[in-house]
Amino acid sequence: MASSPKITIRNGRLIDPASGIDSHSDLHIAEGRIAAIGAAPSGFQPDRTLDASGRLVVPGLVDLSARLREPGHEHKATIASETRAAAAAGITTLCCPPDTHPVIDTPAVAQLIQQTATRNGYARVLPIGALTRGLKGETLAEMAALKRAGCPALGEAERPIRNTHVQRRALEYAASFGMPVFMHPLDPELSEGGCAHEGRISARLGLPGIPEAAETLAIARGLALAEQTGARIHFRGLSTARAVTLLAEARRRGVRASGDVSIHQLFLTEDDLAGLDANCHLLPPLRTQADREALRGAVAQGDLDAVCSDHQPHDADAKLAPFPDTDPGIAALETLLPLALRLVDEGVVGLTEMIARLTQGPAAIIDQPYGRLGIGDIADVCVLDPEARWTLTPESLVGRACNTPFIGTEMHGRVSWTLLGGRVVFERVEQD
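Our numbering applies: residue 161 is where the sequence shown begins, and numbers increase by one.
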């Protein structure tokens, strides 16, 4: 790969929560890293200058959960199509859950995913290794080998380990290798067959429900095992107020636990199921307005460390069946940042805090040196226009899928440039 050019980003408002920077400063990049902030180094001659007047200059976003559908489901999307969409959305690092086909339970699969992403060059993809072979919840995967192959964490995707003894052993082994464990907190028995929050809307529509207890029971179990084993546990995609409370209480006791929320849970509620839009079929399901407000508060206060896209692209056929029979999930890479900025505009969370939940917070969870713009840091940069207003349409999406309930919604903010390791990997044409 050709060496990275020298680039100066001028006249922008630089925000880097990790370094405590929020100022109108120039950013100078050389050899793929941040060379200077403010005045250029002596003798620095940029190969290219980007004028960021009226724009924010922030670290490239880090997304802890994005299904890219490759390998195994390339009819839905590919690493190439979705990392290109990520670049257009200012996302430079993506974590891919282990439920690919084949499962990410061997170094070969982990390396294949990373090599494919590197070859396409739009974004960095970090595979989450499987806790157990084949995600069957029986035999532990080769954790040390997965770590050496580039997996920053281990997880079970949406296939929770039912056997508590196996779960305990998995956490013990993960702790011995210093690897955090991602858990999708959904009790398999209580959630089996459900497609909506168990409440007034599911009752009125006749939809099989998933109770709040399906999440809180799984979290209580996970926290107890994390406390017992000393493992680091990360709860992926919380959806209830009670879950946030349980996590906050455990952290105050010293349990090594963290959590995130999918961006759509900060906007949509069970009321959005009234029209039976299959794009609102999600796991965990959309909950109550009270749950949504509690999740928003947890993001603002820092009780939740990260906000994710939970990107799940689908082909059109996957959403055509009756609601309970459709595949859950939405295409969400390109709405992550605009919806996050909308929360700022609505006064839900401060701008610096929101940027932290998209950069520094998720990077710290997986112990990776991304999501920051200090001197010497890797030059993953997102330059965005916070005042841009645009309407999401199928035609405006760069990714392959358009299964999102936000079609037709006015979006706040738009990416102008994305840099990955000091290279411009996305540049918006002004006519767009």
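Beta carbons: idealized from backbone N, C-alpha and C, even for Gly.
Residues near residue i in its chain [Cβ-Cβ closer than 8 Å; skip 5 each side]
| i | result |
| --- | --- |
| Gly145 | Given that the chain is displayed from residue 161 to residue 592, the structure contains no residue 145 and the question cannot be resolved. |
| Arg208 | Pro165, Lys166, Ile167, Thr168, Val584 |
| Arg549 | Glu570, Met571, His572 |
| Gln271 | Ala309, Gly310 |
| Gly220 | Gly250, Ile251, Thr252, Thr253, Thr519, Tyr530, Gly531, Asp540, Val541, Cys542, Thr578, Leu579, Leu580 |
Where residue i sits in the DSSP three-state scheme
| i | result |
| --- | --- |
| Gly382 | helix |
| Asp477 | helix |
| Ser351 | helix |
| Met339 | coil |
| Ser164 | coil |
| Phe204 | coil |
| Asp470 | coil |
| Ser418 | strand |
| His424 | helix |
| Thr238 | coil |
| Leu365 | helix |
| Asp265 | coil |
| Leu518 | helix |
| Gly294 | helix |
| Leu503 | helix |
| Phe395 | strand |
| Leu224 | coil |
| Arg413 | coil |
| Arg279 | helix |
| Leu493 | helix |
| Gln591 | The predicted position of Gln591 is uncertain, since its pLDDT is 43 and thus under 50; a value taken from the coordinates is nonetheless stated next. Gln591: coil per DSSP, three-state reduction. |
| Thr405 | helix |
| Thr389 | helix |
Same chain, Cβ closer than 6 Å to residue i, neighbours up to 5 away in sequence not counted
| i | result |
| --- | --- |
| Ala240 | Asn280 |
| Lys479 | Ala438, Thr486, Asn563 |
| Gly172 | Ala212, Arg215, Val217 |
| Ala178 | Gln520, Arg532 |
| Ala523 | Val222, Tyr530, Gly531 |
Start-to-end residues for the alpha helix (DSSP H) that takes in residue i
| i | result |
| --- | --- |
| Arg329 | 324-336 |
| Gly559 | No alpha helix (DSSP H) contains Gly559, which DSSP labels as neither H nor E. |
| Pro445 | Careful: Pro445 lies outside any alpha helix (DSSP H) and carries neither H nor E. |
| Gly457 | 449-461 |
| Val543 | From DSSP, Val543 is part of no alpha helix (DSSP H) but of the beta strand (DSSP E) over 541-551. |
Of the residues the options, the one placed nearest residue i, counting alpha carbons only
| i | options | result |
| --- | --- | --- |
| Glu506 | Leu331, Phe427, Thr495 | Phe427 |
| His474 | Gly192, Glu234, Arg215 | Glu234 |
| Glu332 | Thr389, Ile288, Tyr282 | Thr389 |
| Gly289 | Ile189, Ala380, Ala305, Asp527 | Ala305 |
| His325 | Lys296, Glu316, Pro267, Leu385 | Leu385 |
| Arg392 | Ser336, Asp431, Val508, Ala476 | Ser336 |
| Ser469 | Asp463, Leu443, Gly382 | Leu443 |
| Glu587 | Cys542, Gly581, His441 | Cys542 |
| Glu430 | Ala410, Ala363, Arg412, Ala373 | Ala363 |
| Ala466 | Ala481, Cys440, Pro371, Ala417 | Ala417 |
| Arg411 | Ser422, His424, His394 | His394 |
| Leu501 | Ala458, Ile423, Ser556, Pro484 | Ile423 |
| Leu407 | Cys440, Gly369, Gly462, Leu433 | Gly462 |
| Glu372 | Ala380, Glu387, Ile361, Arg402 | Arg402 |
Continuous beta strand (DSSP E) stretch holding residue i: start and end
| i | result |
| --- | --- |
| Ser576 | 570-580 |
| Ile175 | 173-176 |
| Thr168 | 167-170 |
| Ser183 | 181-184 |
| Val509 | Counting along the chain, Val509 falls outside any beta strand (DSSP E), and DSSP gives it neither H nor E. |
| Arg284 | 284-287 |
| Glu302 | Here Glu302 belongs to no beta strand (DSSP E), and DSSP marks it neither H nor E. |
| Thr253 | 251-256 |
| Pro219 | 216-219 |
| Phe586 | 583-587 |
Residues near residue i in its chain [Cβ-Cβ closer than 7 Å; skip 5 each side]
| i | result |
| --- | --- |
| Asp182 | Ile175, Thr512 |
| Met339 | Met303, Lys307, Ala313, Leu314 |
| Gly294 | Val263, Asp265 |
Cβ-Cβ separation, residue j to residue i (assumed contact under 8 Å), whole Å
| i | j | result |
| --- | --- | --- |
| Ala200 | Thr243 | Wrong, their Cβ atoms sit about 31 Å apart, outside the cutoff. |
| Pro445 | His344 | Actually they do not touch by this definition, with Cβ atoms about 13 Å apart. |
| Asp211 | Ile251 | That belief does not hold up - the Cβ atoms of Asp211 and Ile251 are roughly 23 Å apart, past 8 Å. |
| Ile567 | Pro546 | Going by Cβ atoms, the distance from Ile567 to Pro546 rounds to 22 Å, so no, they are not a contact pair. |
| Pro231 | Thr253 | Not quite, the Cβ-Cβ distance comes to about 20 Å (not below 8 Å), so this is no contact. |
| Leu533 | Val575 | Between Val575 and Leu533 the Cβ distance is about 16 Å, and since that is not below 8 Å, they are no contact. |
| Ser399 | Arg447 | 5 Å |
| Leu346 | Cys355 | Actually they do not touch by this definition, with Cβ atoms about 12 Å apart. |
| Asp158 | Arg193 | This structure gives no information on residue 158, because the portion of the chain shown stretches from 161 to 592. |
| Ala277 | Ala283 | 7 Å |
| Leu464 | Gly435 | Incorrect: roughly 29 Å between the Cβ atoms, too far for contact. |
| Gly559 | Ala245 | 3 Å |
| Gly397 | Ser225 | 7 Å |
| Ala317 | Leu350 | Incorrect: roughly 18 Å between the Cβ atoms, too far for contact. |
| Arg328 | Pro348 | Not confirmed; about 17 Å, so no contact. |
| Gly353 | Arg319 | Not quite, the Cβ-Cβ distance comes to about 16 Å (not below 8 Å), so this is no contact. |
| Ala458 | Val404 | 5 Å |
| Ile526 | Cys255 | 7 Å |
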